[in-house]
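The structure under discussion appears below in the form of structure tokens.
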Amino acid sequence: MTWTWRYEGDDGTITMVGGDSTSESFTSQGDAETWLGETWRDLLDAGVAQVTLLDAGRRVYGPMSLRPVT
């Protein structure tokens with residue numbers, strides 16, 4: 001299985017980051033979630049508003065906002 005994050009804008013459109021529309025691939029859901037926990041601020045700074053977790057292209061959950069709750 002290949003786990004990836006789809007980067008999205010506020011309106012759900014796919015957002016490009018560093019010339020790529022998804023993050024690197026992960027071998028487990030836990031690895032993907034740990035990576036997001038470590039990098040969400042950088043993604044938000046790069047213009048990503050929300051993410052969706054995919055497993056082999058199938059949506060697992062999301063979209064999930066990267067903005068802090070106020």
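Heads up, the sequence shown is in the UniProt record's numbering, so the first residue is 1 and it goes up one at a time. From the three backbone atoms N, C-alpha and C, an ideal C-beta is built for every residue, glycine too.
- prompt: By DSSP, does R41 sit in helix, in strand, or in coil?
  reply: helix
**Prompt:** In chain order, what residues of the same chain have a beta carbon less than 6 Å from the beta carbon of D10, not counting five sequence neighbours either side?
**Reply:** A49
Exercise for the section: Could you tell me whether any Cβ in chain D is nearer than 8 Å to the Cβ of G62? Expected result: Of the protein chains in the structure, only one exists, and it is not chain D.
Practice task
Tell me whether E8 is buried or exposed, calling it buried when 16 or more other Cβ atoms sit within 10 Å of its Cβ.
Solution key: buried
Margin query: Less than 8 Å between the beta carbons of Q29 and W5, yes or no?
Written below: no
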